[in-house]
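Colleague: Pasting a structure here, questions to come.
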Amino acid sequence: MHRYLAGEDDRRKMLDAVGCASVEELLASIPQEVRCGALDLPPAASEEEVRRQFWAYAIANSAPECFASFLGAGVYRHIAPAVADAMLQRGEFFTAYTPYQPEVSQGTLQAVFEFQTFVCQLTQLDVANASLYDGATAVVEAVMMAARVLPKRRRVVVAGAFHPDWSAVLDTYCEPMGLAITRVGWGADGRVDGGELAGALGNDVCAVVVQSPNFLGVVEDLSTLGPAIAGSGALGVHAVAEATSLGLLAPGGRFGFDVVCGEMQAFGLPAAFGGPLLGFFATKQAHVRQMPGRLVGETLDSSGRRGFVLTLSTREQHIRRAKATSNICTNHGLMALAATIVLSLLGRKGVRDVALASHATAEYLKAGVRDQGSGARARLAFPQSPTYNEFLVLHDDPDVLLARLKAEGILGGVSTTRFGDSWPKGLLVAATERNTREECNRLLDALRRLG
Amino acid sequence: MNGSRTLREPERLIFERSSQGRVGYQLPALEVPPVDPSATLPAALLRGEIEGMPEVSEVDVVRHFTRLSKWNYSVDEGLYPLGSCTMKYNPRINEELARLAGIAQLHPLQPEDQVQGALALMWELEQALVAVTGMPKVTLQPAAGAHGELAGMLMIRKALMDRGEHRKLVLIPDSAHGTNPASAVFAGFETVEIASTAQGTLDLAVLARHLDGGDVAALMVTVPNTLGVFEPEIVKTAGLLHEKGAYLYMDGANLNSFVGIAYPGKMGADALHINLHKTFSTPHGGGGPGAGPVAVSQALVSYLPVPTVEKVGGRYTLSYDRPKSIGKVRGFYGNFGMLVRALAYIRSLGRDGLKSMSEGAVLNANYIRKRLEGDYHLQYDGPSLHEVVFDDTFQAASGVKNVDIAKRLLDYGFHPPTMSFPLIVHGALMIEPTESDGIDELDAFIAAMKTIAVEAKENPELVKGAPYTTPVARLDEVRAARQPVLRWQRTKS
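Spelled out as structure tokens, the structure:
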């Protein structure tokens with residue numbers, strides 16, 4: 028018998044007990060016309076054989092760890108404390124399920140309560156949920172919530188440089204719900220075109236989505252956008268693709284945005300080829316009953332001790348079914364635990380330190396590119412605009428440039444060409460506290476020679 | 018629970034452990050010049066240190082989360098017979114492989130020539146799921162079962178629109194998971210709940226009547242259904258739907274019962290989501306991440322979400338060339354880390370092991386059913402596959418409800434079954450043991466259930482007061498909902 032299964036003796040005893048000669052008798056309810064023969068798959072493999080196969084997959088990839096990496100555009104390489112993965116690998120966490128039985132799930136429940144608290148602190152909003160799939164679907168959920176809160180308003184405005192993948196996902200979800208999307212462009216400074224936005228707002232708009240820092244790395248002026256959006260009656264949605272930016276930059280919650288949501292992978296999760304990531308979602312108390320996803324709340328047990336339970340579930344699919352606020356069930360609990368551990372380790376001081384170090388490293392790179400002059404082949408797209416840890420370097424052939432950089436051991440960034448023709452041609456370059464000065468100098472030197 | 022202090026004493030919130038000046042990290046030395054953010058960023062957009070965030074040491078964090086972990090029940094600890102959730106063993110080798118640097122650290126936007134191994138792995142998993150389902154093509158993108166349902170229903174909607182039809186209705190049996198109606202609604206449909214037969218299965222007469230209306234886009238059905246019973250008329254059902262131009266959406270939550278035994282493709286499914294965190298052993302993680310690939314029939318292949326993984330010559334590529342696609346359903350390409358684990362599981366078990374897995378799951382469920390059927394009431398007595406749904410009818414006379422039985426099970430060291438689902442069984446106790454355990458662990462569970470049945474008769478108050486041995490006693494869920502406290506705040510401490 029296979030190592031993951033019980034033995035022959037177990038099966039014989041159980042078959043005797045149920046009065047069958049073989050398991051086939053128990054399968055009699057499955058009609059012959061739907062039966063299959065032997066599956067077209069290889070035979071069982073030992074652990075060592077499986078390990079060999081997967082090492083072959085792994086070494087056929089170029090792990091960023093072996094390069095000077097400046098990749099970002101929604102997934103970032105920040106410090107990954109050993110403690111986080113060690114805790115994550117405790118079977119008590121990763122082999123448990125959704126805490127339906129709170130008396131034997133207090134560990135998971137308390138950790139989610141702590142996650143919700145961290146998200147509220149980072150976003151300056153009142154309530155946060157237990158996680159969503161990723162940043163793209165978090166923005167979708169925010170827009171769907173806005174459409175429930177303001178059911179007569181059937182238009183969504185996406186303002187400024189918004190992550191193209193997230194934008195494509197929003198299209199997929201909005202169309203069947205009958206929500207039209209108006210896109211507002213950006214000005215010469217890379218920020219939302221204020222005049223165009225003013226024209227796009229109106230009493231048929233339920234949500235205005237602003238990503239900041241935006242897809243081109245530029246920090247939007249949330250302090251003016253927030254009140255303008257709120258004044259139009261729409262719900263403001265501040266989308267965040269780089270969550271460590273919240274250690275340095277004030278979140279939409281401070282400026283009247285109704286939702287701050289997005290991607291939290293940056294707090295210590297591996298890039299994992301884009302999944303599993305960690306969607307987060309925070310909003311105002313006023314919207315709590317329209318929120319998507321699971322919520323953990325504090326309560327007391329029958330002897331007065333503090334404990335935690337899943338709560339306000341009447342919003343959710345298992346109770347409300349067709350009228351639920353979202354179809355989400357399984358979310359990204361373990362990723363939320365990872366972020367909770369990393370946020371605990373970083374704490375009050377570290378969240379700011381990571382942001383400052385990332386920002387300083389990016390500013391060093393930016394200064395180096397700027398020094399090459401505005402006439403250089405590789406030059407800053409928005410030299411005067413504020414950025415956090417990512418910025419766009421204009422270049423007429425970024426894909427060739429990337430390949431040349433790779434030959435020198437540098438993953439120089441993400442080419443905008445992979446997102447279609449509507450973007451300025453160039454490289455999105457991201458830096459974090461993990462990029463050394465030597466790596467930055469190598470990139471700058473290579474840009475000078477190859478640019 | 019033993020006498021360990023850390024199991025008896027509550028663990029404070031991480032915020033309450035804070036002590037000024039403690040840190041749990043050290044960043045690499047900053048080699049570039051430090052930056053004064055007020056010189057580089059607009060002052061109005063800056064923030065300082067965040068009030069209330071904890072200051073704790075690395076040791077504090079390890080202790081905190083280790084203690085929290087001990088307050089969880091888990092598959093590693095024992096039988097976790099949560100019906101419909103397939104809480105099987107999560108192999109450790111899968112965890113090791115998912116953490117290889119060439120896998121875990123890959124950035125999704127590296128050029129394709131740098132990620133050929135990742136794309137090959139995805140391609141191989143897709144081929145394996147094609148082999149398991151007997152369906153022509155699979156998308157690996159959906160992040161969970163419900164997400165797969167939504168993707169599948171969006172494909173059905175797009176296929177209908179392509180034919181110039183705007184059908185509104187999706188039929189869903191009253192035994193279905195709540196995600197089914199919710200997903201259908203987010204795909205732009207209205208749902209109609211259809212009553213099951215006295216056997217708890219699909220009622221073909223009701224189905225045919227709805228189909229005559231001409232506005233039915235699809236039926237969403239779980240096979241075997243949420244009672245663990247195979248839908249005997251599934252092929253005929255698919256025929257009826259297809260004849261009327263409607264589609265069959267199959268919820269694959271219960272696939273663990275028939276891998277290597279039957280093909281959803283032969284049942285007539287047009288779309289089927291596969292919960293990798295159920296059938297293919299990826300860990301449930303205390304509430305995800307999951308992964309919900311969707312297999313489709315030829316009728317829906319054109320509508321699959323982009324990108325798909327294609328093999329062109331000897332190279333693998335992410336293809337966006339699918340003009341009729343529903344578009345993108347998430348960022349990037351899927352929960353890759355979960356795909357790695359699922360393929361490792363499929364490779365480990367192989368062709369025969371997968372079949373043996375499903376046979377084991379069915380045998381274990383039938384063994385529990387046989388041993389408990391005198392002690393607990395069985396409303397629907399059709400042949401069980403991988404799970405069995407008892408209810409509390411026998412215990413109701415003494416006022417003991419299913420929830421009491423569940424809480425008492427905690428005292429005997431087991432995670433309870435799924436409670437009060439499916440909705441068509443009043444006081445349901447839905448037991449899915451999976452294939453992972455041998456007869457000894459099942460016997461221990463059965464003994465506990467039998468003892469509780471006796472207790473319910475002889476000492477119902479004992480059962481109604483349970484649990485007695487858990488870190489906290491029964492929690493006041495009404496209070497949690499009426500006076501919601503959803504975050505920690507300093508003023509409260």
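Chains as they are written, first to last, in the numbering used here: chain A, 28 to 478; chain B, 18 to 510. We put the beta carbon where it would ideally sit given N, CA and C, even for glycine. Bear in mind the structure is a predicted one, so any value in this text is a computation, not a measurement.
(1) Strictly below 8 Å CB to CB, what residues from chain B border Lys-376/A?
(2) In angstroms, rounded to a whole number, what distance separates the CA positions of Leu-68/A and Arg-364/B?
(3) Along the segment 403-426 of chain B, what residues have a CB closer than 8 Å to any CB found in chain A?
(4) Measuring CA to CA, which of Leu-197/A, Leu-228/A, Val-246/A, Thr-209/A is closest to Arg-218/A?
(5) Compile a chain-ordered list of the residues in the segment 108-123 of chain B whose CB is closer than 7 Å to at least one CB of chain A.
(6) With 8 Å set as the bound, which would you pick, yes or no: does the beta-carbon of Val-286/A sit closer than that to a beta-carbon of chain B?
(7) Phe-418/A lies in the beta strand (DSSP E); which residues open and close that run?
(8) Return the residue from the list Gln-122/B, Ser-74/B, His-81/B, Gly-256/B that minimises the CA-CA distance to Val-107/A.
(9) Ignore the nearest five residues each way along the sequence and tell me which others in Ala-490/B's own chain have a CB closer than 8 Å to its CB.
(10) Could you name the residues of chain B that Ile-368/A contacts, counting a contact when the two beta carbons are closer than 7 Å?
(11) To which residues does DSSP link Ala-204/B through a beta bridge?
(12) Asn-242/B by DSSP, collapsed to three states: which one?
(13) Assuming Asn-241/A and Ala-163/B are in contact, meaning their beta carbons sit under 8 Å apart, how far apart are those beta carbons, in whole angstroms?
(14) What is the rounded straight-line gap between the Cα of Gly-41/B and the Cα of Lys-376/A?
(15) If distances are taken between C-alpha atoms only, which option among Pro-178/A, Ala-227/A, Thr-271/A, Glu-35/A comes closest to Val-184/A?
(16) Taking 8 Å as the threshold (C-beta atoms), are Ser-274/B and Tyr-362/B in contact?
(17) In chain B, which residues lie less than 8 Å from Glu-60/A when you measure between Cβ atoms?
(18) Of all the residues that make up the segment 241-257 of chain A, which are near chain B by a beta-carbon distance shorter than 8 Å?
(19) Is it the case that the segment 408-418 of chain B contacts the segment 274-290 of chain B, given that we only count it when at least three CB pairs across the two stretches are under 8 Å?
(20) Kindly list, in the order they appear in chain A, the residues whose Cβ is closer than 7 Å to that of Val-502/B.
(21) Name, in chain order, the residues that DSSP records as bridge partners for Met-447/B.
(22) Indicate whether Leu-138/B and Tyr-84/A have their beta-carbon atoms separated by less than 8 Å.
(23) Apart from the five residues on each side of it in sequence, which residues of its chain come closer than 6 Å, Cβ to Cβ, to Pro-324/B?
(24) Could you have a look at Trp-213/A and say whether DSSP puts it in helix, strand or coil?
(25) Put Asn-19/B into one of helix, strand or coil per three-state DSSP.
(26) Measuring only the C-alpha atoms, how far is Asp-268/B from Pro-340/B?
(27) Counting C-beta neighbours from all protein chains within 10 Å, is the total for Ile-86/A 16 or more, i.e. buried, or is it exposed?
(28) For His-443/B, count neighbouring Cβ atoms within 10 angstroms of its own Cβ and tell me buried if that reaches 16, exposed if not.
(29) Taking the alpha helix (DSSP H) that Arg-332/B belongs to, which residues open and close that run?
(30) If we ignore side chains and look at the alpha-carbon of each, how far apart do Leu-53/A and Lys-253/B end up?
(31) Could you check the C-alpha separation between Arg-281/A and Val-287/A for me, to the nearest Å?
(32) With a threshold of 16 other CB atoms inside 10 Å of the CB of Ser-55/B, please say whether the residue is buried or exposed.
(33) Quick one: is Glu-417/A near chain B, going by C-beta distance under 8 Å?
(34) May I ask you to report which of helix, strand or coil DSSP gives His-190/A?
(35) Under 8 Å between the Cβ atoms of His-29/A and Ser-373/B?
(36) Tell me the rounded alpha-carbon separation between Glu-552/A and Phe-353/B.
Modeller: According to the data block:
(1) Val-40, Glu-66, Glu-72
(2) 8 Å
(3) Ala-423, Lys-424
(4) Val-246/A
(5) Pro-108, Ile-110, Glu-112, Leu-114, Leu-117, Ala-118, Gly-119, Ile-120, Ala-121, Gln-122, Leu-123
(6) no
(7) 417-421
(8) Per the sequence shown, the amino acid found at residue 107/A is Ala instead of Val. Checking every option, the nearest Cα to that of Ala-107/A belongs to Gln-122/B.
(9) Pro-484
(10) Val-78, Phe-82
(11) Answer by DSSP bridge pairing: none, since Ala-204/B is not bridged.
(12) coil
(13) 30 Å between Cβ atoms; not a contact.
(14) 10 Å
(15) Ala-227/A
(16) no
(17) Val-252, Lys-283
(18) Val-246, Asp-248, Leu-249, Ser-250
(19) no
(20) Gly-324, Glu-325
(21) Val-406/B, Thr-435/B
(22) yes
(23) Leu-335, Ser-336, Tyr-337
(24) strand
(25) Note that Asn-19/B has pLDDT 48, beneath the 50 cutoff, so the model's placement of it is unreliable and the number below is only indicative. Asn-19/B: coil per DSSP, three-state reduction.
(26) 27 Å
(27) exposed
(28) exposed
(29) No alpha helix (DSSP H) contains Arg-332/B, which is instead part of the beta strand (DSSP E) from 332-336.
(30) 22 Å
(31) 10 Å
(32) exposed
(33) no
(34) coil
(35) yes
(36) Lying before the first or after the last residue shown, residue 552/A is absent from chain A, which here runs from 28 to 478.
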